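Here is the structure we will look at.
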DNA sequence: ATTTGATAAATTTGTTTAAAAAGTCAGGAA
DNA sequence: TTCCTGACTTTTTAAACAAATTTATCAAAT
């Protein structure tokens, strides 16, 4: 690991940071490689020296965001004492992540389907970690006798996460399919907290 | 009510039935007014005598489907004895409705957003009836002391319906955003039954 | 009041073209 | 050899236009 050049890694980071800012403020389709290069006072060609293409640059930024997210998630869930607080940690972490990076994801709205395969890998990793952490919390509570034994913990967590994901705002159900408007995130957050409370109670022994 | 002409209503029904078959088998965009007229051995112009335009014809068919659905829903929920079986009735009715009319809804996938306003009205009516029926079941169980009192029953049912709506298949989360493939409906149906069981238990006193 | 053939209007589909952005490369600098 | 650039080519996007299909209208017939 880390057999690479030091200077190279630093420059890669600078590119990633500049790209992140552009993507965050203007979205994927409205930022050009020329603009990113301009922000860094380097030539566009140099970007292609460090990254194969624009979509892979976006993927690299997203990968960094996802590891930050996963680390935060693991840290918070580990601090939690039971399944309910573990879910509350997951929901809060997810909420903050969406609020902080909302515009970054315009890439998703636009492309809707047929995103680069790497994106789905990353989403899969995040999901895998969520399930792992929450399954552990679930099993711990089962061992403590707080929760009724469950046939397949991972499937159960997966199902609950889907249910949480279905939460949306009451008014105007007829808008953008993709994902919620920024002004709705807080309402969704509160509803998820309410929902998970009922849910965990339903799982209790 | 029913101040209209008898013959006219019959013909309207025939048009609606022929249109339904076309929409169901080929979808909205792949059926032409000429084809519907052909099926009925009448001129296309006559269709416009009975319906203002193609989209309103689709809306009229959908309105008929929705009243059938609502009647079925009310009938089944009324037969149910408690909140859990009421939800099971709703889920089963919804499932059968989707299986039976799956292709009819390609109109939704294609247009995604910006559907005619009447469609959203109809969806609103369906949703309103679901909430009304299930809220009644909820309140009945609260009175019986089976379920813990709830601040706003309608909001609670709405939230649970959203949660049920979020259920999807485990594999291939990265496909069509719109709605699930026909081959996934059964799996979703089973998962919803599992979910609602936990949920209602979480609401119990 | 109903129905139709003929016709008009609108929408979709396909093509062309120009501009913009993505992506490449030979070669210079460190 | 590694890092970097200006100039270049290729691809994508957007607008404009025509052809074909479909929606929608209407005067006239039953």
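Residue numbers (this note's numbering), protein chains in the order written: chain U, 3 to 207; chain L, 3 to 207.
Every residue gets a Cβ at the ideal spot worked out from N, C-alpha and C, and that includes glycine.
The model shown is predicted, which means the values in this text are computed figures rather than measured ones.
The three-state secondary structure of residue 68 (chain U), taken from DSSP, is helix.
Under the DSSP assignment, residue 155 (chain L) falls in the alpha helix (DSSP H) whose first and last residues are 155-167. Against chain U, the CB of residue 184 (chain L) has no partner CB under 7 Å away; the residue lies outside that interface.
The beta carbon of residue 150 (chain U) does not come within 7 Å of any beta carbon belonging to chain L, so the residue lies off that interface.
Proximity of chain U to residue 196 (chain L) at the Cβ level (cut-off 8 Å) is accounted for by 161, in chain order. Nearest to residue 72 (chain L) by C-alpha distance, out of L:150, L:194, L:161 and L:129, is L:129.
By the Cβ rule, the segment 147-163 of chain U does not count as touching the segment 147-158 of chain L, because fewer than three pairs are nearer than 8 Å.
Between the alpha carbons of residue 140 (chain L) and residue 204 (chain L) lies a gap of roughly 13 Å. Contact between the segment 54-73 of chain U and the segment 13-23 of chain U is present: 3 or more CB-CB pairs across the two stretches fall below 8 Å. Where residue 103 (chain L) is concerned, the enclosing alpha helix (DSSP H) starts and stops at 85-103. Counted as a single uninterrupted DSSP element, the alpha helix (DSSP H) harbouring residue 202 (chain L) occupies residues 187-205. Residue 207 (chain L) does not reach chain U, its nearest Cβ partner there being about 11 Å away, counting only Cβ pairs nearer than 7 Å.
The straight-line gap separating the alpha-carbon atoms of residue 122 (chain U) and residue 137 (chain U) is approximately 22 Å. 7 Å or more divides the Cβ of residue 184 (chain U) from the Cβ of residue 164 (chain L). Those residues of the segment 58-71 of chain L placed with their C-beta closer than 7 Å to a C-beta in chain U do not exist. Proximity of residue 147 (chain U) to chain L, defined by a Cβ-Cβ separation below 7 Å, is not satisfied. According to DSSP, residue pairing for residue 149 (chain U) in a beta bridge involves U:206.
Taking the beta carbon of residue 201 (chain L) as reference, the chain U residues within 8 Å of it are 200, 201 and 204, listed in sequence order.
For the 7 Å CB-CB criterion, residue 107 (chain U) and residue 162 (chain U) do not form a contact.
Three or more Cβ pairs closer than 8 Å define a contact, and the segment 73-84 of chain L falls short of that threshold against the segment 21-41 of chain L. Identification of chain U residues near residue 165 (chain L) by a Cβ-Cβ cut-off of 8 Å yields 165, 166, 168, 169 and 197, ordered along the chain. Using beta-carbon distances, residue 56 (chain L) does not count as an interface residue toward chain U, since no partner is under 7 Å. Put simply, of U:116, U:120, U:34 and U:43 the residue whose alpha carbon is nearest the alpha carbon of residue 66 (chain U) is U:120. DSSP places residue 31 (chain U) outside both helix and strand once states are collapsed to three, so it counts as coil.
Under the criterion of beta carbons closer than 8 Å, residue 100 (chain U) and residue 187 (chain U) qualify as touching, at roughly 6 Å. Nearest neighbour of residue 88 (chain U) by Cα position, chosen from U:190, U:117, U:133 and U:51, turns out to be U:133. Chain order gives the chain U residues near residue 193 (chain L) as 161, where near means a beta carbon separation below 7 Å. By the neighbour-count definition (other C-beta atoms within 10 Å, threshold 16), residue 145 (chain U) is an exposed residue. A residue is called buried once 16 or more other Cβ atoms fall within 10 Å of its Cβ, and residue 90 (chain L) is buried on that count. Secondary structure of residue 44 (chain U) (DSSP, three-state): coil. Around residue 103 (chain U), the same chain offers 26 and 67 as residues with beta carbons nearer than 8 Å, after the five sequence neighbours per side are excluded.
Collapsing the DSSP output to three states places residue 82 (chain U) in coil.
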